[in-house]
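Numbering (our numbering), first residue to last: 19 to 228.
Glycine included, C-beta positions come from ideal geometry on N, C-alpha and C.
Since the model is a prediction, treat every value here as computed from it, not as a measurement.
Read through the structure below, which is laid out as structure tokens, and then see the notes.
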């Protein structure tokens, strides 16, 4: 970035010579470094002629979110606490980052994540878990054991549009202590997948009701 004295030097030389090449040669001889680009020299000259100053103008900033829009966002997210930032930004026609800042900094909202809650484990269950971990550590040292391992999983997808728990966020200023009801008798598809060292096997079951 050029210093003010360097800009002034280019400006005065250009006023006398009207040649950018002459200005660049004189600049290199005076300051012993590369001269500014010709476009910068011309831009500085025009700026001084129009404004009488070589000061850098204020960079344009993004438009400020109005208080009315902030109030509207507050009303909408109070009414629909599970609305996503992306959907809110589309509804209000503002960038996602602007919507995020309104929720966090202006409204002090936090995205609370839903979690599965399990009751306290008894001592017998804890002992079984510890025993399983110890046995698996020993078996991992056996030759050929890892090659025989198969990791499997099963998931159920509801066609009603039921959201997965890990994708749900509840916006609010306090812990909502909300609950998600289990949906029964809904058409769904079961997907099973098993992965071993050699291959991956999957199975899709037909639509059914639970």
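Following the DSSP letters along the chain, one finds residue 105 in no beta strand (DSSP E) but inside the alpha helix (DSSP H) bounded by residues 103-110. The C-beta of residue 106 has 16 or more other C-beta atoms within 10 Å across all chains shown, which makes the residue buried. Residue pairing for residue 131: DSSP places it in a beta bridge opposite 187. Under a 10 Å Cβ-count criterion, residue 45 is classified as buried, with 16 or more other Cβ atoms of the shown protein chains found around its own Cβ. Within the DSSP secondary-structure output, residue 218 pairs in a beta bridge with 213. Boundaries around residue 170 are those of the beta strand (DSSP E), 168-176, since no alpha helix (DSSP H) includes it.
Just so you know, the alpha carbons of residue 155 and residue 165 end up roughly 15 Å apart. The beta carbon of residue 127 lies closer than 7 Å to those of 95, 121, 189, 190, 191 in the same chain, with the five residues before and after it left out. Listed in chain order, the non-local C-beta contacts of residue 28 below 7 Å within the same chain comprise 41, 45, 54, 59, 62, local neighbours out to five positions each way being set aside.
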